[in-house]
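Okay, so here's the structure we're looking at.
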Amino acid sequence: MSAPPATLATTLPGEHVQIAVNKDTEPFWHAAKEGRLVAPQCADCGNFRLPPTPFCPACQSKSITWMELSGDATVYSFAVVHGIPGMPALTVVPAVVDLPDAPGARLVSNIIDIDPADVTIGMALRVDFSPIADGWMLPVFRAVHR
Numbered sequence: 001m002s003a004p005p006a007t008l009a010t011t012l013p014g015e016h017v018q019i020a021v022n023k024d025t026e027p028f029w030h031a032a033k034e035g036r037l038v039a040p041q042c043a044d045c046g047n048f049r050l051p052p053t054p055f056c057p058a059c060q061s062k063s064i065t066w067m068e069l070s071g072d073a074t075v076y077s078f079a080v081v082h083g084i085p086g087m088p089a090l091t092v093v094p095a096v097v098d099l100p101d102a103p104g105a106r107l108v109s110n111i112i113d114i115d116p117a118d119v120t121i122g123m124a125l126r127v128d129f130s131p132i133a134d135g136w137m138l139p140v141f142r143a144v145h146r
């Protein structure tokens, strides 16, 4: 007798995900809407930071350059969540991902389309974008199969 098929990790249905956009986060969300992953870099000291903040935590500068990233990432940490109130069949893998082309910056996102048992620390990921409320796009990550 074969094992039942694994439930693949997904993200919350898009209509249930709403974001708050402000002057500090707006460039991030507009880039995501265009299918691009970006991170703010301090124009004075070069420190990357996510989530975006109004000033650099390293040098306090307010000068920012938004850098386009490759979309490559690795799993720094993750959890597996089986079911949430009102959606008991949902399986999500929220993760903190390292962004190698933005040293020091980490992004909290979801890993999708994978059996949660296959997710490992250090796993290579690639960004993708999932539609959410109000026409925005949410960066999510998929495993890179090498």
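Residues 1 to 146 (full-length UniProt numbering) are what the sequence shown spells out, left to right. Built from N, CA and C at the ideal position, the CB exists for glycine as well.
*What residues match up with residue 77 in a beta bridge as DSSP calls it?*
What you label residue 77 is simply residue 77 of the sequence shown in a count that begins at 1. Its beta-bridge partners are 96.
*Taking residue 26 as part of the beta strand (DSSP E), name the residues at either end of that continuous run.*
In the sequence shown, residue 26 corresponds to position 26, counting from 1. It is not in any beta strand (DSSP E) - residue 26 instead sits in the alpha helix (DSSP H) that spans 26-33.
*asked:* Tell me which residue opens and which closes the beta strand (DSSP E) that residue 66 is part of.
replied: Taking the sequence shown and counting its residues from 1, one reaches residue 66 at position 66. Taken as a continuous stretch (DSSP letters only), the beta strand (DSSP E) holding residue 66 covers 64-68.
*asked:* Residues in the same chain with beta-carbon distance under 7 angstroms from residue 133, minus the five sequence neighbours each way, listed in chain order, please.
replied: Along the sequence shown, read from residue 1 onward, the residue named residue 133 stands at position 133. Counting only Cβ-Cβ distances below 7 angstroms, and skipping sequence neighbours, we find 14, 15, 17 and 18.
*Taking buried to mean at least 16 other C-beta atoms within 10 Å of its own C-beta, is residue 110 buried or exposed?*
Along the sequence shown, read from residue 1 onward, the residue named residue 110 stands at position 110. That one is buried.
*Measure the alpha-carbon distance for residue 139 versus residue 95 and round it to whole angstroms.*
For this step, residue 139 is matched to residue 139 along the sequence shown. For this step, residue 95 is matched to residue 95 along the sequence shown. Computed Cα separation, rounded: 12 angstroms.
*Looking at the unbroken beta strand (DSSP E) that takes in residue 59, where does it start and where does it end?*
Translated into the one-based positions of the sequence shown, residue 59 becomes position 59. Looking at the DSSP string, residue 59 is not in any beta strand (DSSP E), and its letter there is neither H nor E.
*In terms of residue numbering, what span does the beta strand (DSSP E) encompassing residue 118 cover?*
In the sequence shown, counting from the first residue as 1, residue 118 sits at position 118. No beta strand (DSSP E) contains residue 118, which DSSP labels as neither H nor E.
_Beta-carbon proximity list for residue 11, same chain, < 6 angstroms, skipping 5 on both sides_ = By 1-based counting over the sequence shown, the position of residue 11 is 11. So the list reads 110, 112, 130 and 140, once near-sequence residues are dropped.
*Helix, strand or coil for residue 133, going by three-state DSSP, please let me know.*
Taking the first residue of the sequence shown as 1, we reach residue 133 at position 133. Reduced to three states, the DSSP call for residue 133 is helix.
_Determine whether the beta carbon atoms of residue 107 and residue 97 lie at a separation below 8 angstroms._
Here residue 107 refers to the residue found at position 107 when the sequence shown is read from its first residue. Here residue 97 refers to the residue found at position 97 when the sequence shown is read from its first residue. Cβ atoms of residue 107 and residue 97: closer than 8 angstroms.
_With H, G and I counted as helix, E and B as strand and the rest as coil, what does DSSP make of residue 82?_
Working through the sequence shown from its first residue, we reach residue 82 at position 82. DSSP places residue 82 in strand when its eight states are reduced to three.
*Take residue 53 as the anchor and find which of 40, 124 and 70 has the nearest alpha-carbon.*
To locate residue 53, count along the sequence shown from 1; it is residue 53. It is 40 whose Cα lies nearest to the Cα of residue 53.
*Which residue comes first and which comes last in the beta strand (DSSP E) that contains residue 45?*
Position 45 of the sequence shown, counted from the start, is the residue given in the question as residue 45. Segment: none, residue 45 is in no beta strand (DSSP E) and carries neither H nor E.
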